[in-house]
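Below: the structure, in structure tokens.
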Amino acid sequence: MIKILITDKLAQEGIDLLNAADGVEAVVKTGISEDELAKIIGGHDGLIIRSGTKVTAKVLANPGKLKAIARAGVGVDNIDIPEATRKGILVMNTPGGNTLSAAEHTIALMLAMSRNVVPACNSLKAGAWDRKKYMGNQLNGKILGVIGLGRIGMAVAEMAKGFNMKILGFDPLAAPADAEKLGIEVTDGLEEIFKEADYISVHVPRNEQTLNMIDAEQIKMMKPTVRLINCARGGIINEDALYNALAEGAIAGAALDVYPTEPPANTRFSEFENCLVTPHLGASTTEAQIDVAVEAAQILVDALGGGPVRNALNAPAAAGAMPPVVSQYAELAQRIGTLVSTIASGRIKDIEVQYRGSIAEMAVEPVTLHFAIGLLQQHFEMPLNTVNVAILAKERGISIDETKNIEAKDVAASFSAKVVTDKVTRTVTGSVFGGTQLRIIEIDGFNIEVTPQGAVLVIFNDDKPGVIGSVG
């Protein structure tokens, strides 16, 4: 009998699916403490959680027969994935279950802002009748800028087309062909969206690259009639800059469903009639909760029953599975990928990886995948790993090619990665010296020797005569 523990409130449809599956027993214990969960978790084959349960290293200290965890939802900040991986426990989530719910909430906020629904409602309830004050605007014919063309961003764009809006979209990993099928005009950068859009909606993960993506400088580029929507993650739009823009009348309005800290520390945006705020309701629909519950139950039943593994966020067999030299090159490749992600501007189209010398004689697929993880992680909210990175890259129209060049023994073993974007091509080569010393040995044809750790400053200069002299 497969026993599956449920520790957060889950839609009954998901529980019913588990109980209807052959040889599966659902055990519901909500509201339990970390200590209690740590005591009982080892007696179950699977675990289904939402955001309330924290699966910490302490919880996983004695996992017993636990084989898989399913998160009914997208975010997995409450799961210690590295520890789960070390213990050979599969972690999965349900990224598609709340797509429509989040997209619809975005559209709802756009409409509510445009027609002054909330202030007009409050005014009428207070006894006033002021139609002139709450004159609104149509969505028809307006320009919507969508930043982030993943599942939710694409769904928002598709819905907005129903209002006859022109869609500008930006995502460095977007597959242009898929976007064009929906009538999205994919821009080369964010500046075009900032300058032209009447509405701007963000649908990107929050990380170092996207934190404060829209700040005072970006807001200054925008039309005074622009309206901003954030139903993604708090902090992507800088709240201080947004507050000042609203206070100065520099923009027409804003709508926030997410905040840097939740619940927010203050309610300062409530002073603006043209700013709508909701308490993170993007996925809060009955249908979305049913969808994620059913999907979480199904992927867990499939995985534990020997069926296909879907939405995996880690690779349980990865720990210790690679030979030491391959493991060293995998670490090197991921660090190089992280570096290239900062120096290869533009939309990524192709990844070409080449192995030379003795490393080319080994099974190097994990090395290629680790490079892709380092390169692409900043564009995804969910953790990338050797299980999901190739699939996610393919979905974004990025090809990954791997070649081996087994040469004479006197040729040093090396790993070389070439990344082609719509703006630049970058090539970085690395090697492992003495079996343990990671080195970057070449960038764009220039021979160097750099240890890939800490902060690395890379400056590209034009080769023009007289520059040094002019400085002197």
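Take the sequence shown: its letter number 460 is residue 569 in the numbering used here, and every next letter is one higher.
Yeah, the Cβ is synthetic: ideal placement off N, Cα and C, and Gly gets one too.
All of these numbers come straight from a predicted model, not from anything done at the bench.
On a Cα-Cα basis, can you pick out the residue from Ile141, Gly206, Ser467 that is closest to Ile408? Locating residue 408 in the sequence shown gives position 299, counting from the first residue. Residue Gly206 is the option with its Cα nearest to Ile408.
Contact defined as beta carbons within less than 8 Å: I believe Phe542 pairs with Tyr438. What is the distance between those atoms, to the nearest angstrom? The residue given as residue 542 occupies position 433 in the sequence shown. The residue given as residue 438 occupies position 329 in the sequence shown. Actually they are not in contact, since the Cβ atoms of Phe542 and Tyr438 sit about 12 Å apart, beyond 8 Å.
Determine whether the Cβ of Val226 lies closer than 8 Å to any Cβ atom of chain B. The structure shown contains no chain B; it is built from a single protein chain.
Nearest CA to the CA of Ile309: which residue from Lys138, Cys340, Ala472? Taking the sequence shown and counting its residues from 1, the one referred to as residue 309 is at position 200. Looking at the Cα atoms, Cys340 is the closest of the given residues.
Strand pairing of Lys174, partner residues [DSSP]: For the purposes of this step, residue 174 is taken as the residue at position 65 of the sequence shown. Beta-bridge pairing links Lys174 to no other residue.
Buried or exposed for Pro281, going by 16 or more other Cβ atoms inside 10 Å? Position 172 of the sequence shown, counted from the start, is the residue given in the question as residue 281. So Pro281 counts as buried.
Close beta carbons around Ile568, own chain, < 8 Å, minus the five adjacent residues each side: Taking the sequence shown and counting its residues from 1, one reaches residue 568 at position 459. Cβ neighbours of Ile568 beyond the five flanking positions: none.
State the Cα-Cα distance for the pair Gly544 and Glu558, rounded to the nearest angstrom. In the sequence shown, the residue the question calls residue 544 occupies position 435. In the sequence shown, the residue the question calls residue 558 occupies position 449. Roughly 16 Å separates the two Cα atoms.
Closest residue to Arg456 among Asn249, Thr194, Leu299 (Cα-Cα distance): Here residue 456 corresponds to residue number 347 of the sequence shown, with the count starting at 1. Among Asn249, Thr194, Leu299, the Cα nearest to that of Arg456 belongs to Leu299.
Under the three-state DSSP convention, the category Tyr308 falls into: For this step, residue 308 is matched to residue 199 along the sequence shown. Residue state for Tyr308 is assigned as strand, using DSSP reduced to three classes.
Per DSSP, what kind of secondary structure is Val418 in: helix, strand or coil? What you label residue 418 is simply residue 309 of the sequence shown in a count that begins at 1. In this structure, Val418 counts as coil in the three-state DSSP scheme.
Option nearest Lys251 by Cα separation, candidates Arg336, Ala135, Thr395: Position 142 of the sequence shown holds residue 251. Ranking the options by Cα distance to Lys251, first place goes to Arg336.
Whether Ala266 touches Ile293 by CB criterion (8 Å): Within the sequence shown, numbered from 1, the residue matching residue 266 stands at position 157. Within the sequence shown, numbered from 1, the residue matching residue 293 stands at position 184. Contact: yes.
Jot down the residue ranges of each uninterrupted alpha helix (DSSP H) in the region 464-539, minimum 4 residues, whole runs only, in chain order. 474-485, 498-504
With distances taken Cα to Cα, identify the nearest neighbour of His389 among Thr215, Gly362, Ala193. For the purposes of this step, residue 389 is taken as residue 280 along the sequence shown, with counting starting at 1. That would be Thr215, whose Cα lies nearest to the Cα of His389.
Between Leu484, Gly271, Ile338, which has its C-alpha nearest Val449's C-alpha? Position 340 of the sequence shown, counted from the first residue, corresponds to residue 449. Among Leu484, Gly271, Ile338, the Cα nearest to that of Val449 belongs to Leu484.
Alpha carbons only, please: which of Asn497, Val185, His153, Asp154 is nearest the one belonging to Thr165? Taking the first residue of the sequence shown as 1, we reach residue 165 at position 56. Closest by alpha carbon: Val185.
Measuring alpha carbon to alpha carbon, tell me which of Ser142, Ala129, Val136, Thr447 ends up nearest Met566. Locating residue 566 in the sequence shown gives position 457, counting from the first residue. Per the sequence shown, the amino acid found at residue 566 is Leu instead of Met. Considering only alpha carbons, the answer is Thr447.
Going by the CB atoms, is the gap between Gly123 and Ala286 shorter than 8 Å? Residue mapping note: residue 286 aligns to position 177 of the sequence shown, counting from 1. Residue mapping note: residue 123 aligns to position 14 of the sequence shown, counting from 1. Taking 8 Å as the Cβ cut-off, Ala286 and Gly123 do not qualify as a contacting pair.
Since Phe542 sits in a beta bridge, which residues does DSSP pair it with? The residue you call residue 542 lines up with position 433 of the sequence shown. In the DSSP output, where bridge partners are listed per residue, Phe542 has Gln546.
Val335 (DSSP reduced to helix, strand or coil): Taking the sequence shown and counting its residues from 1, the one referred to as residue 335 is at position 226. Val335 falls in the coil class under three-state DSSP.
Pairing CB atoms from the region 194-212 with CB atoms from the region 167-186, are three or more of them under 8 Å? yes
Status (buried if at least 16 other CB within 10 Å, exposed otherwise) for Met110: Sequence index remark: in the sequence shown, residue 110 carries index 1 (1-based). Classification for Met110: exposed.
Which of the three DSSP states is assigned to Asp459 in this structure? Along the sequence shown, read from residue 1 onward, the residue named residue 459 stands at position 350. Strand, per DSSP.
Report yes or no: do the region 228-248 and the region 465-474 share at least 3 C-beta pairs separated by less than 8 Å? no
Which residue comes first and which comes last in the alpha helix (DSSP H) that contains Val183? Taking the sequence shown and counting its residues from 1, the one referred to as residue 183 is at position 74. Premise fails: Val183 is in no alpha helix (DSSP H) and is neither H nor E.
Considering Cα atoms alone, identify which of Ala406, Leu351, Val401 is closest to Ser379. In the sequence shown, residue 379 corresponds to position 270, counting from 1. The residue with the shortest Cα to Cα distance from Ser379 is Leu351.
Can you grab the Cα-Cα spacing for the pair Glu317 / Ile552, in whole Å? To locate residue 317, count along the sequence shown from 1; it is residue 208. To locate residue 552, count along the sequence shown from 1; it is residue 443. Pairing Glu317 with Ile552, the inter-Cα distance amounts to about 24 Å.
Check Ile568 in the structure and name its three-state DSSP category. Sequence index remark: in the sequence shown, residue 568 carries index 459 (1-based). Looking at Ile568 - three-state DSSP - the assignment turns out to be coil, as it is neither helix nor strand.
Going by the DSSP bridge assignment, what does Ala135 pair with across the sheet? Here residue 135 corresponds to residue number 26 of the sequence shown, with the count starting at 1. Ile113, per the DSSP bridge assignment.
Over what stretch of residues does the beta strand (DSSP E) that includes Met268 continue unbroken? Taking the sequence shown and counting its residues from 1, one reaches residue 268 at position 159. Met268 -> not in any beta strand (DSSP E); alpha helix (DSSP H) instead, spanning 260-270.
Buried or exposed: Ser142, going by 16 or more other Cβ atoms within 10 Å of its Cβ? What you label residue 142 is simply residue 33 of the sequence shown in a count that begins at 1. The residue is exposed, with fewer than 16 neighbouring Cβ atoms inside 10 Å.
For Phe279 and Ile302, which I take to be in contact (beta-carbon distance under 8 Å), what is that distance rounded to the nearest angstrom? One-based indexing of the sequence shown puts residue 279 at position 170. One-based indexing of the sequence shown puts residue 302 at position 193. Yes, Phe279 and Ile302 are in contact; Cβ-Cβ is about 6 Å, under 8 Å.
On a Cα-Cα basis, can you pick out the residue from Thr203, Pro574, Ser232 that is closest to Glu382? Working through the sequence shown from its first residue, we reach residue 382 at position 273. The option with the nearest alpha carbon to Glu382 is Ser232.
Determine whether the beta carbon atoms of Ala522 and Val537 lie at a separation below 8 Å. The sequence position of residue 522 within the sequence shown is 413, counting from 1. The sequence position of residue 537 within the sequence shown is 428, counting from 1. It is not a contact, given that the beta carbons lie outside the stated cut-off.
Can you give the Cα-Cα distance for Arg315 and Val473, rounded to whole angstroms? Within the sequence shown, residue 315 is the residue found at index 206, counting from 1. Within the sequence shown, residue 473 is the residue found at index 364, counting from 1. Distance between the alpha carbons of Arg315 and Val473: 31 Å.
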